[in-house]
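Under this note's numbering, the first residue of the sequence shown is numbered 1, with each subsequent residue one higher.
Idealized CB from N, CA, C, for every residue including glycine.
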Amino acid sequence: TNFSWGESVLLSGWVVDESPNSTTITATVYGAESLSTPSLVTSSSSDEEGVWEILLPYDTPGTWAVQFVATDEANQASSTKIVNVNLNYPIEDMVLVTLRYEAPQENETTGLIKGDLVHLFPSSCAVEYWPQGQSTIDGFVNGSDGTFQIPVDVTTVAKQGDFWVSCGVYDVRTRNISYQLPIPDEPSEDTISDQDNDGIVDADDVCPNTPNDEPVWPNGCADSQLDSDGDGITDDNDMCPNTYPGEIVDSNGCSDTQKDADGDGISDAGDQCPNTPAQEVADANGCSDSQKDQDGDGVQDSLDQCPNTLPGTTVDATGCEITWVPQDSWLCQNGQGPWVKDFNAEEGYNSNTNGASSAGASNDNVGPWFQCEVSVSTQNGEMVVDANGIPNHDFLSTMGCCVDEVDLEWHIPLNPVNDTNGGYNTANCPASAGRWECAPDRGPVAVSINGAPIYGVEEGPGGDAIALNFKYFVEDRQPIALGYCTAHAAGNNYHYHYDAQCSTWTPGVGETISDYDWTKLDSTQHSPIIAWSFDGYPIYGMYGNDGNGGIRAITSSYEIERTEEGGDQGYNGISDWNYVADMGDLDECNGRFGPTPEYPNGIYHYVSTPLSGSTKIVTDTDGNQVPMIGMPYFLLCYHGVADLDAQPSGGQGGPPGPGGRSYEYNTMALYYSEPVHIETENTEQIPIWIDFTVTMLLLAILFGGVSVITGRRDYNTG
């Protein structure tokens, strides 16, 4: 229940009883300072009709929870009702000022700058005159009528200066006005004319013939000379000063958009329920509870396209039942996935000779064309997702060439359960303090809606792969290169590291996937689901609800240990980041609870955002000052129960390990990003790096079925 400032906080209702006039209604009030100890207990009796009223003795803005219970003459008590009561803050507009000057009396030297202040709380106002090059002169304000005066000695005070006024009880605002004292003196070269003696120099005076003794605005006009809103009624007679252009007004200067015939606080032009009963509180549309939502589905009847919704049914904005299911979020189903190309060769990397030679062709091992394929079924309360690992957009394998179709199977719970077990290892998510299971620092942590895996924060040597991509530090342990959408291949396995939102982005005319950037996403709409976590909770893109019915970019609550603070800016991976509670919108795992288009009643969900809530600036390796990025990019721990060991494709190969190599035998991929040449004294001997490579290849063969993918070949053997 909302009350405007200045209203009495009068609560009323009715009871049903055999003898209503002997029924006592007790109100227990709890303030924001304590929800356990009431700040007030008061009571009232109902009349013969069962109607009762209780006046709360509050006139200062605030919020209270009021618990009501009715007790009859047999001492039988009703169930309790709890109402939230808000006494809203007043709207304190910027103070309006009129100015006039009163010359000194005969044989005196002190004149007065006088005028009127128009403000909700004139007693809160303070006025000053700042003569040019001199000390400030304080004035005196009559708090009861808003008049003021500032004494000025005409023999010593500079005529040029500024008038300052500040007003406000809850919202203090200040304005200043250039002012020249209209003090007659001997003409001089720097004399500024003020023909009508209103205190405003002629050069700034829009109304040069102001009547004597009328206060003026800063533009030199009195109310009798102005019609600010152009409605034909001068400001001194205009009771509605902000009429929109073209609207017809009455003799008071008011149009229909400025009137409120039913007195519900909503203008007639915007009132969807023009006959709100007296004493009923209306919402922003001008409708009270008795005027809307007959089927109780949360959608106003005038907007409800399905007016007879059954109780408990989840509906959308039109009042109709939502039939969406999680299986609908997956792309590339039913053989409808797009044909995409590996542009590795065009970007200077090894050519991908896997796949088909052209879009739609059969797999002839010529490459570099592939089709994204996903199938989804439900078994034992899970979505079982089979995919071939190909994204739904063009891509780059980069140095880990080359991507090929692989058999992937993901299991996603359909009914996620919050993890309350605790006691987990905190190495990869220190801020969780063991409450939730950490996501892997490398390898799959989730799966994109196109079936391709999403990897953890760190690259092979242990650095933050995305901090490296944004040049936060220099990776001196091995070369790392990310392609379009900050993704690449580890052997045949394509995976994302940072921004999988490109899977739902549609290039504009003349654009390709290489033009993708998160700044091109629609910031006015809630982002879609872009991935699923292994605990069953969805991962959304960066734009979400702001809590007030709007949409804004969601921010991470992590910030990096910067070089100037003694940090390594991601060189050590996750350990170089610190969680700062409430700095951003997301928790330690990079998620939050709230409504989404698919879950209007709210669900815990992760948010893949490139933005951090930190305002700190990072100096990159090129010396540029850049904003903080939004680690952990997807998620850092699992808020729900996640059975990672049960993921059939959980052994996906991660990025390369120390020394430029990563041997991931579980996925039959040996990733060799770039050879390291070590000079030897005897040039006839086999170089050490070749000998090491052969040794590792032999070890790989022992595990069986290992394919070798060679990196760039632009090196010399010495």
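Am I right that T378 and G367 are in contact with their C-beta atoms under 8 Å? What's the rounded C-beta distance? Incorrect: roughly 35 Å between the Cβ atoms, too far for contact.
If G146 sits next to L99, beta carbons under 8 Å apart, how far is it from one beta carbon to the other, in whole angstroms? Between G146 and L99 the beta-carbon gap is near 13 Å, outside 8 Å, which marks them as no contact.
Looking at the structure shown, is E565 part of a helix, part of a strand, or coil, going by DSSP? Taken through DSSP and simplified to helix, strand or coil, E565 comes out as helix.
For H411, which of T136, Q67, V141, S649 has the nearest alpha-carbon? With distances taken between Cα atoms, H411 lies closest to S649.
At what residues does the beta strand (DSSP E) containing I530 begin and finish? Start and end: 529-533.
Should the stretch 614-631 be called in touch with the stretch 418-429, which here means at least 3 C-beta pairs below 8 Å? No contact exists between the stretch 614-631 and the stretch 418-429.
Give the C-beta separation of V457 and M583 to the nearest angstrom, bearing in mind that I take them to be a contact with Cβ-Cβ under 8 Å. Between V457 and M583, the beta carbon gap of about 18 Å keeps them out of contact (Cβ cut-off 8 Å).
Between D691 and the rest of its own chain, which residues show a CB-CB distance below 6 Å, the 5 nearest in sequence each way excluded? With a pLDDT of only 43 at D691, under 50, the local geometry of the prediction cannot be trusted, and no value is derived from it.
Flag this pair as touching only if the stretch 17-37 and the stretch 56-72 have three or more C-beta atom pairs under 8 Å; answer yes or no. Contact between the stretch 17-37 and the stretch 56-72 is present, because at least three Cβ pairs lie under 8 Å.
What residue does the beta strand (DSSP E) around I617 start on, and which one ends it? Segment 617-619, the beta strand (DSSP E) holding I617.
Please work out which residues of its chain come closer than 7 Å, Cβ to Cβ, to I720, disregarding the five sequence neighbours upstream and downstream, and give them in chain order. Because the chain is modelled from 1 through 718, residue 720 falls outside the range shown and cannot be assessed.
Segments assigned beta strand (DSSP E), at least 3 residues, entirely inside the stretch 428-463: Segments of the beta strand (DSSP E) lying fully in the stretch 428-463: 444-448, 453-455.
Quick one: residues in its chain with C-beta nearer than 6 Å to the C-beta of F3, no 5 flanking neighbours on either side, listed in chain order? For F3, the CB contacts under 6 Å within the same chain, skipping 5 residues up- and downstream, are V9, L87 in chain order.
Give me the Cα-Cα distance between T60 and E92, rounded to the nearest whole angstrom. Distance between the alpha carbons of T60 and E92: 15 Å.
Proximity of G389 and G451 at Cβ, strictly below 8 Å: Their beta carbons are under 8 Å apart, which means G389 touches G451 by this criterion.
Taking three-plus beta-carbon pairs below 8 Å as touching, is the stretch 71-85 in contact with the stretch 152-169? Pairwise C-beta distances place the stretch 71-85 out of contact with the stretch 152-169, as fewer than three of them are shorter than 8 Å.
Just how far apart, CA to CA, sit I177 and D162? The alpha-carbon atoms of I177 and D162 are separated by roughly 6 Å.
How is Y101 classed by DSSP in three states: helix, strand or coil? Three-state result, Y101: strand.
Exposure of G657, with buried meaning 16 or more beta-carbon neighbours within 10 Å: With a pLDDT of 35 at G657, under the threshold of 50, the modelled position of this residue cannot be trusted; read the value that follows with caution. Answer is buried; the Cβ neighbour count reaches 16.
Return the first residue and the last residue of the beta strand (DSSP E) that N84 is part of. Note, N84: beta strand (DSSP E), 81-87.
Leaving aside the five residues before and after Y170 along the sequence, list all residues of the same chain whose C-beta is less than 8 Å from its C-beta, in chain order. The residues P61, Y89, P90, E92, in chain order, have a CB closer than 8 Å to that of Y170 in the same chain once the five nearest residues on each side in sequence are set aside.
Would you call the CB atoms of D394 and K341 closer than 8 Å? One thing to note: D394 has its Cβ within 8 Å of the Cβ of K341.
Which residues in the same chain as K114 place their Cβ atom closer than 6 Å to its Cβ, once the five residues preceding and following it in sequence are excluded? These residues qualify, in order along the chain: R100, E102, Q149.
Among the residues of its own chain, which have a CB less than 6 Å from the CB of I686, if the five just before and after it don't count? Here the model assigns I686 a pLDDT of 34, short of 50, so the residue's position is not dependable, and the following value carries that caveat. Nothing listed; no residue qualifies.
Cα-Cα separation, N96 to C125: What sits at residue 96 in the sequence shown is Leu, not Asn. Inter-residue distance for L96 and C125 is about 11 Å (C-alpha atoms, whole angstroms).
D719 and D260 look like a contact to me (Cβ under 8 Å); what is the Cβ gap, rounded to whole Å? Since the displayed the chain opens at 1 and closes at 718, residue 719 lies outside it and no answer follows.
What residues in its chain sit with their C-beta under 8 Å from that of G591, if we drop five residues either side in the sequence? Closer than 8 Å at Cβ, skipping near neighbours: Y537, Y604, H605, Y606, V607, L635, H639.
My guess is that A427 and E588 are in contact by the Cβ rule of under 8 Å, so how many angstroms apart are they, rounded? Here A427 is actually not in contact with E588; their C-beta atoms are around 14 Å apart, not less than 8 Å.
Option nearest G335 by Cα separation, candidates K520, C637, A387, Y516: That would be A387, whose Cα lies nearest to the Cα of G335.
Give me, in chain order, the residues of the same chain whose beta-carbon lies closer than 6 Å to that of R552; leave out the 5 immediate sequence neighbours on both sides. Closer than 6 Å at Cβ, skipping near neighbours: D546.
Quick check: the stretch 395-407 against the stretch 472-492, are there 3 or more CB pairs under 8 Å? Touching, yes, given that three or more Cβ pairs across the two stretches are closer than 8 Å.
Burial state of E565 (16 or more Cβ within 10 Å): The C-beta of E565 has fewer than 16 other C-beta atoms within 10 Å across all chains shown, which makes the residue exposed.
Thinking just about the alpha-carbon of each residue, which of T619, Y571, L644, E559 is nearest to the one in Y745? Lying outside 1 to 718, the shown extent of the chain, residue 745 is not represented and no answer is given.
Bounding residues of the alpha helix (DSSP H) (the contiguous stretch that carries I466): Segment 465-469, the alpha helix (DSSP H) holding I466.
Quick check on the burial criterion: 16 or more other C-beta atoms within 10 angstroms. Buried or exposed for T243? T243 comes out buried.
Taking DSSP as the reference, what is the three-state secondary structure of L56? Annotated three-state conformation of L56 is strand, per DSSP.
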